[in-house]
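K.L.:
Numbers 4 to 275, taken from our numbering, label the letters of the sequence shown in order.
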Amino acid sequence: MPSYLITGASRGLGFEFLRQLSNDSKNTVIGLVRDKKKADDKVAKELNRPNVHIVEADMNNYDTLKTSADKVSRILGGKLDYLIANAALMSQWSAFDPLGALGGEPQKLSQDILDTFSTNVLGNIHLFNVYVPLLQKGDGKKVLTITSGAGDIELVNQIGYSGGAPYAISKAAMNMVTAKYNAQYAPEGILFFGISPGVVNTSEGNVEPTPEQLEGIAEMVKRFQIHEPNFNSFLTPEESVKTVLSIFDKASLKDGYGGGFVSHLGKGEKWL
4 MPSYLITGAS RGLGFEFLRQ LSNDSKNTVI GLVRDKKKAD DKVAKELNRP NVHIVEADMN
64 NYDTLKTSAD KVSRILGGKL DYLIANAALM SQWSAFDPLG ALGGEPQKLS QDILDTFSTN
124 VLGNIHLFNV YVPLLQKGDG KKVLTITSGA GDIELVNQIG YSGGAPYAIS KAAMNMVTAK
184 YNAQYAPEGI LFFGISPGVV NTSEGNVEPT PEQLEGIAEM VKRFQIHEPN FNSFLTPEES
244 VKTVLSIFDK ASLKDGYGGG FVSHLGKGEK WL
């Protein structure tokens, strides 16, 4: 029975990974979340599948990650096949304004960058370190980082988009982290690589964006169309996860995916 661990599994892409992977009753799928009770309730209501397990951990707390690995080990008998590092922080405060404008509130900017880096980079480093021993004993030996085209320096220079800098910086850093882990563990046959899921609408509920947010989204779409003129809508989580998993399933060290950073459309394809 293949086993999967997905971080950030309580909503958005993470929950959709949980849903699609657990469609196959032969898979054992574990979601790592900050609020276990809330996630358990959602799983019971929307999935109600015996092959889904929820384990609590905070990406910003090493001790909870280490404890989660012990719990996952007991569930899976000491080994893990696949890890999908999906959890991430995307600050609404810094989502659209450029660094020069955000610098008007230097303390807030400092904290925003530190919070983003702590979750998106350092959290994943600790995650990998506590779960590699289980992956070394597993059969699948694949670690996928959900990254972003926002972390591609060439794309930023091409389209001239200055918004969302802390998030983009963290994703660029995470691409290097992935490469470094690949350099360390590829000789053991463990594949570390990243996939950008595309531009996905992960909003839930009926919260209406503010006029400022709508303006920011419009500017972002305008810039994205420089990269892909036909871009005019966001993917659903279902669409995105389906394409990501199709690449994840076929990716291998032999085919040159190790330490790589690819689009949800495939190697060498545009980010959108």
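Glycine is no exception: its CB is placed at the ideal position from the N, C-alpha and C atoms.
May I ask which residues mark the beginning and end of the alpha helix (DSSP H) holding H129?
P.N.:
126-140 is the span of the alpha helix (DSSP H), which, as asked, contains H129.
K.L.:
How should N160 be labelled, buried or exposed, when 16 other C-beta atoms within 10 angstroms of its C-beta is the threshold for buried?
P.N.:
Exposed is the call here.
K.L.:
I need the boundaries of the beta strand (DSSP E) containing T148, first residue and last residue.
P.N.:
Here the beta strand (DSSP E) through T148 covers 145-149.
K.L.:
Taking the runs of the beta strand (DSSP E) that are 3 residues or longer, which of them lie wholly in the segment 37-67?
P.N.:
The segment 37-67 contains these whole beta strand (DSSP E) runs: 55-59.
K.L.:
Taking the Cβ atom as the reference point for each residue, do I156 and R226 lie within a distance shorter than 7 Å?
P.N.:
Taking 7 Å as the Cβ cut-off, I156 and R226 do not qualify as a contacting pair.
K.L.:
Pick out whichever of R37, T239, E211, Y260 has its Cα sitting closest to the Cα of S71.
P.N.:
Residue R37 is the option with its Cα nearest to S71.
K.L.:
Roughly how many angstroms separate the alpha carbons of Q187 and I193, rounded to a whole number?
P.N.:
In a straight line, the C-alpha of Q187 is about 9 Å away from that of I193.
K.L.:
Over the uninterrupted alpha helix (DSSP H) stretch that includes V159, give me the two end residues.
P.N.:
Residues 156-162.
K.L.:
Leaving out the 5 sequence neighbours to the left and right, which residues in its chain are closer than 6 Å to V146 when beta-carbon positions are compared?
P.N.:
Taken in chain order, the residues that qualify are L86, F195.
K.L.:
In terms of DSSP beta bridges, what is Y7 paired with?
P.N.:
DSSP, once it has assigned bridges, lists V32, Y85 as partnering Y7.
K.L.:
If I'm right that A88 touches L130 with Cβ under 8 Å, what's the distance once you round it to whole angstroms?
P.N.:
Yes, they are in contact, since the Cβ atoms of A88 and L130 sit about 6 Å apart, within 8 Å.
K.L.:
Name the DSSP bridge partner or partners of S97?
P.N.:
None; S97 has no bridge partner.
K.L.:
Could you give the distance in angstroms between the alpha-carbon of L68 and the alpha-carbon of D84?
P.N.:
Taking the straight line from one Cα to the other gives about 18 Å.
K.L.:
Put V202 into one of helix, strand or coil per three-state DSSP.
P.N.:
In the structure shown, V202 sits in coil (DSSP, three-state: anything other than H, G, I, E or B).
K.L.:
Just reading off the alpha helix (DSSP H) that S243 is part of, what are its end residues?
P.N.:
Counting along the chain, the alpha helix (DSSP H) containing S243 begins and ends at 240-253.
K.L.:
Among Y134, V32, A12, T122, which has the Cα closest to the Cα of K39?
P.N.:
K39 has its Cα closest to that of A12, out of Y134, V32, A12, T122.
K.L.:
With 16 as the cutoff for other CB atoms within 10 Å, does A90 come out buried or exposed?
P.N.:
Buried.
K.L.:
Between the Cα of R77 and the Cα atoms of S6, G15, A254, which residue gives the shortest distance?
P.N.:
Here the closest residue by C-alpha is S6.
K.L.:
When you compare each of K82, A171, A60, A104 to L137 by their alpha carbons, which one comes out closest?
P.N.:
With distances taken between Cα atoms, L137 lies closest to K82.
K.L.:
Check each candidate in N233, E241, S165 and name the one with the smallest Cα separation from P200.
P.N.:
Here the closest residue by C-alpha is E241.
K.L.:
Quick check on G271: does DSSP put it in helix, strand or coil?
P.N.:
Coil.
K.L.:
Which residue from P190, V58, G126, G219 puts its Cα closest to that of S97?
P.N.:
Cα-wise, what sits closest to S97 is G219.
K.L.:
Taking the alpha-carbon of V202 as reference, which of S113, F237, T119 has the nearest alpha-carbon?
P.N.:
Out of S113, F237, T119, F237 has the C-alpha closest to the C-alpha of V202.
K.L.:
Is any beta-carbon of chain E found at less than 7 Å from that of D118?
P.N.:
Among the chains in the structure shown there is no chain E, since it carries only a single protein chain.
K.L.:
Keeping to the same chain, check which residues put their C-beta closer than 6 Å to that of V265; ignore five residues upstream and five downstream.
P.N.:
The answer, listed in chain order, is I198.
K.L.:
Can you grab the Cα-Cα spacing for the pair L217 / G107, in whole Å?
P.N.:
Taking the straight line from one Cα to the other gives about 22 Å.
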